[in-house]
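**Q**
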Amino acid sequence: MPDIVEHHGIPVLVCDADGATIAHVQDALDHLIGAAFQNADVVAVPSTRLDDSFFDLSTGFAGDVLQKFANYRLRLVVVGDIGRHLAASSALPDLVREANRGRDIWFVPDLDALADRLAPNVAGRPTG
């Protein structure tokens, strides 16, 4: 069962690493977006929960999932090591870099990094 925690006043749904694999858009709706309606603004999902097809941008799966999050005005954070996926793709590193410049989709190594990203603006740093 996912937990809702607050980081700097922002409610974050922290998904369990042992949950169902997100292999289809409906999985994202059922297991991530649906669970976020417990009053979360951010969904933090372990990278291991995402099917490999999410990281293969040619499948369109990541784009479909990201669009669903945008439609529901939720922020998605992929938490964990995605190094093997980055190494296998020429497009994924660009997506990760661009996403991490924004405020709606992030790829972070761990929950501490997520908490840091959500911290209030300090010395010009973007706010969560």
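Under our numbering, think of the first position of the sequence shown as 72, with each following residue one higher.
We put the beta carbon where it would ideally sit given N, CA and C, even for glycine.
1) From this set, Asp74, Leu145, Arg120, which residue's C-alpha is nearest His95's C-alpha?
2) For Ser118, count neighbouring C-beta atoms within 10 Å of its own C-beta (all shown protein chains included) and say buried if the count is 16 or more, exposed if not.
3) Kindly list the residues whose CB is nearer than 8 Å to the CB of Leu128, restricted to its own chain and excluding five residues on each side of it in sequence; keep chain order.
4) Would you identify the three-state DSSP class for Arg146, choosing helix, strand or coil?
5) How many angstroms separate the CA atom of Gly80 from the CA atom of Ala107?
6) Just tell me which of Arg172, Phe126, Ala170, Asn142 has its CA closest to the CA of Gly154.
7) Hey, is the segment 171-180 in contact with the segment 98-112, meaning 3+ C-beta pairs nearer than 8 Å?
8) Which of helix, strand or coil does DSSP assign to Phe140?
9) Report buried or exposed for Arg144, applying the criterion of at least 16 other Cβ atoms within 10 angstroms of its Cβ.
10) What would DSSP say about Arg196, mapped onto helix, strand or coil?
11) Would you check if the distance between the CB atom of Ile93 and the CB atom of Leu84 is smaller than 8 Å?
12) Would Val179 and Val136 be called neighbours here (beta carbons separated by less than 8 Å)?
13) Ignore the nearest five residues each way along the sequence and tell me which others in Leu202's own chain have a CB closer than 7 Å to its CB.
**A** A quick look at the data gives this:
1) On the sequence shown, residue 95 is found 24 positions in, with the first residue counted as 1. The candidate whose alpha carbon is nearest that of His95 is Arg120.
2) As a working mapping, residue 118 is identified with position 47 in the sequence shown. Answer is buried; the Cβ neighbour count reaches 16.
3) On the sequence shown, position 57 is the one that residue 128 refers to. Counting only Cβ-Cβ distances below 8 Å, and skipping sequence neighbours, we find Gly134, Ser160, Ala162, Leu163, Leu166.
4) Start at 1 with the first residue of the sequence shown, and residue 146 comes out as number 75. Three-state result, Arg146: strand.
5) Along the sequence shown, one-based indexing puts residue 80 at 9. Along the sequence shown, one-based indexing puts residue 107 at 36. Approximately 16 Å, taken between the alpha carbons.
6) Sequence index remark: in the sequence shown, residue 154 carries index 83 (1-based). Per the Cα distances, Phe126.
7) no
8) For the purposes of this step, residue 140 is identified with residue 69 of the sequence shown, where counting begins at 1. Reduced to three states, the DSSP call for Phe140 is helix.
9) Reading the sequence shown from its first residue, position 73 is the one you call residue 144. Exposed, since its Cβ has fewer than 16 Cβ neighbours within 10 Å.
10) Walking along the sequence shown from the start, residue 196 turns up at place 125. Unreliable positioning characterises Arg196 in this predicted model, as indicated by a pLDDT of 49, which lies under 50. The coordinate reading is nonetheless provided below. Here Arg196 sits in coil by DSSP.
11) By 1-based counting over the sequence shown, the position of residue 93 is 22. By 1-based counting over the sequence shown, the position of residue 84 is 13. Against a cut-off of 8 Å, the Cβ pair of Leu84 and Ile93 comes out as no contact.
12) Locating residue 179 in the sequence shown gives position 108, counting from the first residue. Locating residue 136 in the sequence shown gives position 65, counting from the first residue. In this structure, Val136 does not lie closer than 8 Å to Val179 by Cβ.
13) Any answer about residue 202 is impossible in this case: the structure gives the chain only from 72 up to 199.
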